[in-house]
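Following: one structure in structure tokens, then a few remarks.
Next up, the structure:
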């Protein structure tokens, strides 16, 4: 399917150009001036498309899943967020300015990412010999960063590390823990998630629309069994009971 989309873009490039979406920009980079030394090879373009599709879909959908779970198990926070949403957005489709004003929604999403990070660990390969925390690491060594463990570490987050407490983010991400980079849901540094801002905007927009229209709770059939298969997900799904707020 992906190759068919790429072939379609290439077939219409002379009349319609490559387009201004992500794929179009990458194809344009592939076709460098004169066809020499392209910035991206076709294989690299395909790999990038796979990364954006897989990383952008599963992680975002499971962030929303666990957000709905926590909103259901903490109805007082569900009501707080709904009041904030109705105050700032009313019943309108949220705009960018509206999203920026939703402090409680942002705090709630960050705490969800801390407790139920979509990716439980990441790996990095040392590009040169280095020393980390007094330990010598040789070039080529693969380092595993246990995100889930760090997010529940009391030395990093305090004695309430295992508790649901969105208010810990009231002064921003960098002051929430005892280290400014304690929240690793999107990683950090030059190789951090390229789509993190989009993911947060997307999650806020979806949650806002749901809060505007529904109240919800967990179904009695729900069984809490988080399962880590590439991303963290409920093993038996998330059955819910929704009630329309529209009269």
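Numbering (UniProt numbering), first residue to last: 1 to 247. All C-beta atoms, glycine included, are put in the ideal place defined by N, C-alpha and C.
Per DSSP, cross-strand counterpart(s) of residue i
| i | result |
| --- | --- |
| residue 142 | 125 |
| residue 234 | 226 |
| residue 192 | DSSP output for residue 192 lists no bridge partner at all. |
| residue 214 | 244 |
| residue 136 | 131 |
Per-residue DSSP class, three states only, for residue i
| i | result |
| --- | --- |
| residue 150 | helix |
| residue 198 | helix |
| residue 75 | helix |
| residue 205 | helix |
| residue 159 | coil |
| residue 81 | helix |
Rounded separation between residue i and residue j - CA only
| i | j | result |
| --- | --- | --- |
| residue 185 | residue 192 | 9 Å |
| residue 239 | residue 95 | 30 Å |
| residue 168 | residue 150 | 16 Å |
| residue 112 | residue 67 | 6 Å |
| residue 143 | residue 131 | 12 Å |
| residue 61 | residue 234 | 12 Å |
| residue 28 | residue 188 | 29 Å |
| residue 147 | residue 133 | 17 Å |
Endpoints, the beta strand (DSSP E) within which residue i is located
| i | result |
| --- | --- |
| residue 174 | No beta strand (DSSP E) holds residue 174; DSSP gives it neither H nor E. |
| residue 93 | It is not in any beta strand (DSSP E) - residue 93 carries neither H nor E in the DSSP assignment. |
Boundaries (first-last residue) of the alpha helix (DSSP H) holding residue i
| i | result |
| --- | --- |
| residue 227 | No alpha helix (DSSP H) holds residue 227; the beta strand (DSSP E) holding it covers 226-229. |
| residue 19 | Run containing residue 19: none; DSSP gives neither H nor E here. |
| residue 105 | 103-115 |
Any chain B beta carbon closer than 9 Å to residue i
| i | result |
| --- | --- |
| residue 228 | Here chain B cannot be found, since the structure has a single protein chain. |
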